[in-house]
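Each remark here refers to the structure printed beneath this line.
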Amino acid sequence: MPNFLAQIKVGIIMSRGSANKIVMDSWTRAKRTVE
């Protein structure tokens, strides 16, 4: 699901929220581990 991951990256860039960034960053790392 490359499109889904791309949307998440866009969300991080658009959000710029420190809390959101930390949560999304850890979430993306978990996704990479699954892949």
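Here the sequence shown is numbered in our numbering, starting from 301 and rising by one per residue. Where a beta carbon is used, it is the ideal one built from N, C-alpha and C, also for glycine.
Is the beta carbon of Ile313 sitting closer than 8 angstroms to the one on Met324? no
Taking Ser315 and Lys321 to be in contact with their CB atoms under 8 angstroms, please state how far apart those CB atoms are, rounded to whole angstroms. 7 angstroms
At the level of alpha carbons, what is the spacing between Thr328 and Asn303? 13 angstroms
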